[in-house]
Structures are given as structure tokens and as C-alpha cells.
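Counting along the sequence shown from 1, when you hit position 16 you're at 114 in the working numbering, and nothing is skipped either side.
We put the CB at the ideal spot given by N, CA and C, even for glycine.
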Amino acid sequence: MTTPAPEAPLVASPIAKHTASVILIHAIGDTGEGWRGVAERLSKDVPHVKWIFPHAPTGEVTAYNKKCIPRWFDISSYDFDKAEENRGDMFKAASMIDQLVQKEVDAGIPPERVVIGGFSQGGAVALLTSLTSRPADGFGGGKEGWKVAGIVVVSGWLPFRNDFQQFLSPHAAKTPIFWGHGTDDNVVRYKFADTFVKKLTSAFGIPMVERHTLGIEYNAQCISNLPSSSQAKGELGSPGLSFRTYKALGHQLCAREERDLSEFLRRVIPPL
């Protein structure tokens with residue numbers, strides 16, 4: 099059994115005229131409060147952005163011995179080759195984010211000025227919300243889904259791994275996606291992230307914009323110990339998927355990744 103999420107998410111107001119919004123979705127066991135620091139550090143780079151940090155409902159998580167903790171949906175394990183998916187919970191999570199996007203639209207911020215992102219499980223929710231069409235059973239954004247400014251996935255995974263393509267929005271190939279992942283992530287292992295990215299680009303037709311391996315500090319040298327995709331072309335913030343991996347990084351956000359996120363936001367939702 100789950101308990102309702104708090105009525106209102108945590109919000110960090112813009113420090114300049116509000117012309118864009120970023121929704122960041124937290125991981126299992128966290129709350130929106132866990133990502134407030136990101137807004138505090140990046141607000142000077144994107145002063146026109148309103149930051150929205152929703153809180154997940156509390157419920158049992160099978161992978162954590164059925165412990166009741168904040169989570170967007172139940173997961174059986176982090177072995178994504180075998181893990182069962184609770185699609186009912188996943189649809190509910192996407193609908194919660196739909197409501198937040200709609201609230202921004204109602205306030206005068208078009209979806210093309212909204213970025214949806216998340217960490218770990220939050221990244222899975224961000225992909226489900228942003229890249230899927232909206233059937234008649236309650237999704238937002240209309241039948242074609244949201245046409246958002248961009249998507250951010252940090253240490254996340256692709257939901258509906260076997261049939262995500264049947265839900266794919268017609269906007270998917272034109273949407274800028276930033277996917278950051280640590281090579282030493284011991285929760286959502288790098289091999290899974292690599293598989294998910296290849297599926298999105300090779301099987302689903304989303305362009306591979308760039309593929310780099312970097313150090314964890316902002317000024318660290320590009321290491322390039324992983325092969326670059328022959329499809330890769332363009333730059334961060336272009337329509338398609340930018341896959342940046344960070345050498346020796348675990349299941350967390352590093353300094354370099356945070357600065358790359360800032361650059362992505364400045365490109366996809368520049369000041370008006």
C-alpha cells in the first residue's frame with residue numbers, strides 16, 4: 099500500500115524573469131529535498147529557470163526486502179535483464195509528472211520551455227513521461243505526448259525495456275537528451291546504460307549526437323577509452339541523445355557532470 103505524495107513539490111523560484119522550468123525527479127529512498135543543492139549551484143547559470151522537485155509516494159520496494167520507502171514504482175531488482183516491472187505504478191508516476199508539466203503550461207510556460215530530468219529511478223520516470231505518446235487512459239500532453247525542451251537522465255535506465263518503442267512519441271527523435279552515467283556505477287551498472295542507449299539510438303531511431311567518456315572534475319581531460327559511435331554527430335543540446343560517461347564515477351552526480359548539465363540547460367532553454 100502506498101501513501102499519497104505531498105500535495106506540492108519543492109520549488110526553487112527563478113532569480114530573474116521566469117521563462118523556463120526544470121522538473122528533476124529523485125531516486126528511490128530520496129525526496130525532492132535531495133536535489134535542492136543543484137538548483138542553488140546552477141541558478142546563476144540559468145537565472146530564468148524555475149526548479150521543481152517532486153516527492154515520490156512511499157511504498158514497498160521488493161528489491162529492498164519490501165521496505166517502505168519513497169519510490170515512484172516498485173522494482174524487483176537492478177538486474178534489468180530479468181527484473182519485473184510494475185507498470186501500474188510506472189504509469190501513475192508518469193501521470194504525476196504530467197500534472198506538473200500541465201501546471202507550468204497553465205501558468206504560461208509552454209512545454210517547449212520545460213526540461214524533465216531525473217536521477218536513477220527518476221531518470222526512468224523522466225524518459226517514460228517525456229518520450230511516450232499519450233493514450234486515452236490518462237497520460238498528459240495530448241495523443242502525441244509532450245514536446246519538451248529536453249530530457250536529463252543521470253544514472254538512470256530505460257523503462258519498458260522490451261516494448262518501449264510501441265509507446266514512442268513522434269517528438270522523440272527531435273528532443274535533446276542528456277544521459278550521464280558513471281563507468282563504476284554499482285547500482286545501475288554501466289553495461290545496462292550502454293545497452294539502453296544503443297536501443298534508443300539503433301532500434302528506436304533517436305539520433306546519437308555525441309558519445310564521450312570524461313573525467314569527474316569539470317576541467318578533466320577527455321579520456322576516450324570507450325569507442326565513439328559512428329552515428330555520433332552534433333553537440334550537446336542538439337536534437338537526439340548525448341551520452342556522456344564519467345570514468346571511475348559510481349552511482350552519483352559528479353562536478354563535471356553537473357557542469358555538463360548546466361551547459362545542456364543553457365542550450366535547450368536559453369534566456370528569452
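Annotated as distal: Phe290 and Val250, with beta-carbon spacing of 8 Å or more. Each residue's CA atom was taken as its position, placing Leu370 and Met188 some 34 Å apart. DSSP, reduced to helix, strand and coil, places Arg354 within a helical segment of the structure shown. DSSP places Phe217 in the uninterrupted beta strand (DSSP E) bounded by Val212 to Phe217. Less than 8 Å divides the Cβ of Asp282 from the Cβ of Ala346.
Listed in chain order, the non-local C-beta contacts of Ile314 below 6 Å within the same chain comprise Tyr344, Leu347, Cys352 and Arg354, local neighbours out to five positions each way being set aside. In the structure shown, Val366 adopts helical secondary structure according to DSSP, grouped into three states.
Partner residues in the beta bridge of Leu266, as assigned by DSSP, are Thr230. Here the C-alpha atom of Glu182 lies approximately 24 Å from the C-alpha atom of Thr299. Taken atom to atom, the span from the alpha-carbon of Val212 to that of Phe341 is near 20 Å.
Between Ala154 and Ala110, the gap from beta carbon to beta carbon reaches 8 Å or more.
Fewer than three beta-carbon pairs drawn from the segment 260–273 and the segment 212–221 are found closer than 8 Å, and the two stretches are therefore not classed as touching. Residue environment analysis places Pro274 among the buried positions, since at least 16 neighbouring C-beta atoms fall within 10 angstroms of its C-beta. A straight line joining the alpha-carbon of Gly130 with that of Ile121 spans about 10 Å.
Only residues of its own chain outside the window of five on either side were considered, and among them Thr230, Ser231, Arg232, Ser267 and His269 have a CB closer than 7 Å to the CB of Gly243, listed in chain order. For Tyr344, the enclosing beta strand (DSSP E) has its first and last residue at Gly338 to Tyr344. Per DSSP, reduced to three states, the secondary structure at Ala161 is helical. The shortest C-alpha to C-alpha distance from Gly132 to any of Val144, Ile150 and Lys115 is the one to Ile150. For Thr311, the enclosing beta strand (DSSP E) starts and ends at Met306 to Leu312.
Remark: fewer than three beta-carbon pairs, one from each stretch, lie closer than 8 Å, so the segment 199–210 and the segment 152–166 are not flagged as touching.
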